[in-house]
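Worksheet: the structure to be examined is printed underneath.
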Amino acid sequence: MDKKLLTDAIVDIEWDMFRSVNNKGGKAACQMDHATFLIMRNSQFASWDDALLASYLNDLASAQGQGRNLMSEKYARMMESTFPEEYAQLADRLPSIDPVAAQQIEEIVSIHVQWKEVLDKRYPHLSDRSRPVRSRDDSVGLASLETYTRAELKTYSPKTISLYHAATIKRIERGESEAEQNMLHQVRQYGFENPDEADNYFSTHA
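The sequence shown begins at -3 in our numbering and counts up one residue at a time.
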């Protein structure tokens, strides 16, 4: 299966899971915004290699077979930081995390936080439209990049986490930033040539 087919299959399953997440007060507006969901998720997966994509697709398919919704698990795990009392009531229902995978997750999260802090300094107006960086800045209805990334990684299998960890270390060695690549894919789908053009635009537009 080529990269586009892998990505399309992943995003299709994720969208079905995302739409099925139960929230207090009913569906959130983002659960009905398919266009934005496609942009965000396709941008994230654009810089992944085929092996990582295939492993994550297998995670999603396995979860479906077990009746698990990985999107529900991701948002539940975010509550550890955003709604700790409610999280304590459901934590024992979430799958345990392999200790080696847990360490790799923290290393990946730390690198993503560093990448995001660099981008926020370079593109302050785009930063104003994105998540805060660190969990200490979580608020009701808005989890930080640190919280979101950690929660998502905890839904991956140990194999996928290991592959993602290795890919992240290789990016560091090459002087690359996955966050910057992700941003480039995002702004291009919104019609901008690059992040500089987008940041300049939002410096004068709300």
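All residues carry an ideal CB built from backbone N, CA and C; glycine is no exception.
Near residue i, what residues of its chain come up, given a Cβ to Cβ distance below 8 Å and the 5 sequence neighbours on each side ignored?
{"i": "Val105", "result": "Glu142, Thr145, Arg146 and Leu149"}
{"i": "Asn18", "result": "Ser68"}
{"i": "Ile168", "result": "Ile107"}
{"i": "Asp133", "result": "Ser140"}
Can you list, in chain order, the residues of its chain whose CB lies under 7 Å from that of residue i, leaving out five sequence neighbours each side?
{"i": "Ala175", "result": "His108, Trp111, Lys112 and Leu115"}
{"i": "Glu103", "result": "His161"}
{"i": "Tyr119", "result": "Pro191 and Asp195"}
{"i": "Ser131", "result": "Ser77, Ser140, Glu142 and Thr143"}
For my contact list, residue i and residue j are in at a C-beta cut-off of 8 Å; report their separation, rounded to the angstrom.
{"i": "Gln185", "j": "Ile35", "result": "5 Å"}
{"i": "Thr78", "j": "Ala139", "result": "6 Å"}
{"i": "His30", "j": "Trp11", "result": "7 Å"}
{"i": "Leu56", "j": "Leu66", "result": "6 Å"}
{"i": "Arg127", "j": "Phe198", "result": "Not quite, the Cβ-Cβ distance comes to about 16 Å (not below 8 Å), so this is no contact."}
Quick one: what's got a C-beta closer than 6 Å to residue i's C-beta in the same chain, skipping five residues either side?
{"i": "Phe41", "result": "Thr3"}
{"i": "Val183", "result": "Pro191 and Ala194"}
On the CB-based measure, 16 or more other CB atoms within 10 Å of its CB, does residue i come out buried or exposed?
{"i": "Met75", "result": "buried"}
{"i": "Thr151", "result": "buried"}
{"i": "Gln100", "result": "buried"}
{"i": "Asn190", "result": "exposed"}
{"i": "Val129", "result": "buried"}
{"i": "Leu1", "result": "exposed"}
{"i": "Val136", "result": "exposed"}
{"i": "Asn54", "result": "exposed"}
{"i": "Ser58", "result": "exposed"}
{"i": "Leu159", "result": "buried"}
{"i": "Thr164", "result": "buried"}
{"i": "Ala87", "result": "exposed"}
{"i": "Ala72", "result": "buried"}
- Segment contact, 8 Å Cβ cut-off, at least three pairs: the region 153 to 164 with the region 91 to 98: yes
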